[in-house]
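Novice:
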Amino acid sequence: MSVETTTVTINLAERSYDIQIGSDNLSSVGRMVKGIGDVSHVVIITDSNVRQLYGETVLKALAQEGLQVDIMTVPAGETSKSASIAEELWQQLLALGADRKTIIIALGGGVVGDLAGFIAATYCRGIRFVQIPTTLLAAVDSSVGGKVGINLPGAKNMVGAFWQPQAVLVDVSVLQSLPARDYQAGLAEVVKYGVIQDEQFFSLLENNVGLIMERDAEFMRDVIARCCELKAYCVENDERETSGLRAILNYGHTFCHAIEACAGYGTYMHGEAVAIGMLCASRLAEALGRITDEVTARQHDLLVQLHLPIDLPEDLAREPLVEAMKRDKKTEHGKIRFILPTRIGHVELVDDVDEALALAAFN
Ligand code: GLY
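In this text, residue positions in the sequence shown follow the working numbering: the first is 668, and each later residue adds one.
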């Protein structure tokens, strides 16, 4: 059964846009793109998996509105967020005659969204794009807020831009096709919003684990909408992450990025490393006397119920993790900066942490 569509607006003056969250609404993309105006040519960028599942539906919906549509497919997986794939896509756009009136559709998870957004930000010095996230993680985080980019070998998201989409379309029925591990990984970012900004939302998650695990369309529509509202607040008030407000979205991520790098990219899904990273950050906050152990316990218990990993393997060497944290993009003047909770629903940026305490927090 379809659920009604909810809209969340990101208010950024002339860069404002709506996020439409509904179910079985992929085919509304034609009307959405037509509504943006002054468009005749659309290029979908997707990956090999998503193309098979949803490529035809989106192609058809756009063609039905009389739009000229092309589709470019990259291999599924993080390695597609590379300079060489970006160059291939720029060349293909040129060959297709794409110009400043072309609109790019990013159809896929975080990799496709970041890559396609980066192509949109750079081709012809910037053309318009629409995000259609097909993973939970992309729906609640990466498709919203305009961070786009590619990786350099050994340095994730090192080349990129802030480039806001024209619109975001979320179809919660798409969540049904996600493997359990992908879905659960997205839930880590959902839990994050509760910890950093909204205790009531955190409690709602604690009290409705059954609906979450069933992927109930109505409940998940509301969950995604709340995450987008919370992210909207950060993006609207600190679009380019200069004041420190937007940085709170990186709760658990300093530990997470080190875990991803040291365990070997691909060992953990990003969301899984976020789950472990949030507990590390919470233990660090405890060690600094900022919170009681109850705050960590609530996160731990919820993450366990959502089937997320909570510990690092014993045999993963700890010292390289601290070195990896120092290479984090958030490091300033050689100091590692952490987002640490003061309670469920509020976090602070802390930058004078003893390295030994950070190391201990991994255990
Ligand atoms: N994913 C963090 C941000 O968008 O700022």
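Using N, Cα and C, we set each Cβ at its ideal position, and we do this for glycine too.
Is residue 916 near the ligand GLY, in the sense that its beta carbon is under 7 Å from a heavy atom of that ligand?
Specialist: yes
Novice: What runs of the beta strand (DSSP E), each 3 residues or longer, lie entirely inside the stretch 769-840?
Specialist: 770-775, 795-800, 814-819, 822-829 and 834-838
Novice: Shortest alpha-carbon distance to residue 793 belongs to which of 901, 833, 774 and 964?
Specialist: 833
Novice: Leaving out the 5 sequence neighbours to the left and right, which residues in its chain are closer than 6 Å to residue 958 when beta-carbon positions are compared?
Specialist: 952 and 1008
Novice: For the alpha helix (DSSP H) that residue 944 lies in, which residues bound it at each end?
Specialist: Per DSSP, residue 944 belongs to the alpha helix (DSSP H) from 937-954.
Novice: Taking only three categories from DSSP, how would you classify residue 877?
Specialist: Residue 877: helix per DSSP, three-state reduction.
Novice: Looking at C-alpha atoms only, which residue of 815, 724, 855 and 972 is the closest neighbour of residue 877?
Specialist: Ranked by how close their Cα comes to the Cα of residue 877, the residues 815, 724, 855 and 972 have 972 in first place.
Novice: Please name the residue or residues paired with residue 709 in a DSSP beta bridge.
Specialist: Bridge partners of residue 709 according to DSSP: 736 and 770.
Novice: Would you grab the beta carbon distance between residue 940 and residue 926 for me? Rounded to a whole angstrom, and I think it's under 8 Å.
Specialist: Indeed, because the Cβ distance is near 5 Å, the residues count as touching under 8 Å.
Novice: Check whether the Cβ atoms of residue 945 and residue 852 lie closer than 8 Å to each other.
Specialist: no
Novice: Could you tell me which of 1028, 889, 822 and 987 sits nearest to residue 977, measuring between CA atoms?
Specialist: 1028
Novice: Could you compute how far the alpha carbon of residue 856 sits from the alpha carbon of residue 770?
Specialist: 29 Å
Novice: To which residues of the same chain is residue 696 closer than 8 Å at the C-beta, ignoring the five residues directly before and after it?
Specialist: 725, 728, 729, 772, 797, 799 and 836
Novice: Does any heavy atom of the ligand GLY sit closer than 7 Å to the C-beta of residue 748?
Specialist: No, Cβ of residue 748 sits at least 7 Å from all heavy atoms of the ligand GLY.
Novice: Going by other Cβ atoms of all chains shown within 10 Å of its Cβ, with 16 needed for buried, is residue 825 buried or exposed?
Specialist: exposed
Novice: To the nearest angstrom, report how far apart residue 838 and residue 828 are at their CA atoms.
Specialist: 26 Å
Novice: Of all the options 760, 742 and 755, which has the alpha carbon lying nearest to the alpha carbon of residue 736?
Specialist: 760
Novice: Assign residue 994 to one of three DSSP states: helix, strand, or coil.
Specialist: Coil.
Novice: Whose C-alpha, out of 846, 901, 865 and 910, is nearest the C-alpha of residue 882?
Specialist: Per the Cα distances, 846.
Novice: To the nearest whole angstrom, what separates the beta carbons of residue 815 and residue 781, a pair I think is in contact under 8 Å?
Specialist: 5 Å
Novice: Just how far apart, CA to CA, sit residue 866 and residue 1016?
Specialist: 18 Å
Novice: Among the candidates 956, 818, 931 and 875, whose CA atom is the shortest distance from the CA of residue 749?
Specialist: 818
Novice: Which stretch, first to last residue, makes up the alpha helix (DSSP H) that contains residue 754?
Specialist: It spans 750-762 - the alpha helix (DSSP H) in which residue 754 sits, taken as one unbroken run.
Novice: How would you write the range of the beta strand (DSSP E) that residue 1016 sits in, first residue to last?
Specialist: 1013-1017
Novice: Output yes or no for whether 8 Å exceeds the beta carbon distance between residue 811 and residue 677.
Specialist: yes
Novice: Is any non-hydrogen atom of the ligand GLY found closer than 7 Å to the C-beta of residue 908, if you look at the structure I gave you?
Specialist: yes
Novice: Report yes if the CB atom of residue 891 is closer than 8 Å to the CB atom of residue 807, and no otherwise.
Specialist: yes
Novice: Check whether the Cβ atoms of residue 872 and residue 858 lie closer than 8 Å to each other.
Specialist: Their beta carbons are under 8 Å apart, which means residue 872 touches residue 858 by this criterion.
Novice: Kindly say whether residue 901, judged by its beta-carbon, lies nearer than 8 Å to any beta-carbon of chain D.
Specialist: Protein chains in the displayed structure number just one, and chain D is not present.
Novice: Considering only their Cβ atoms, is the gap separating residue 670 from residue 690 smaller than 8 Å?
Specialist: yes
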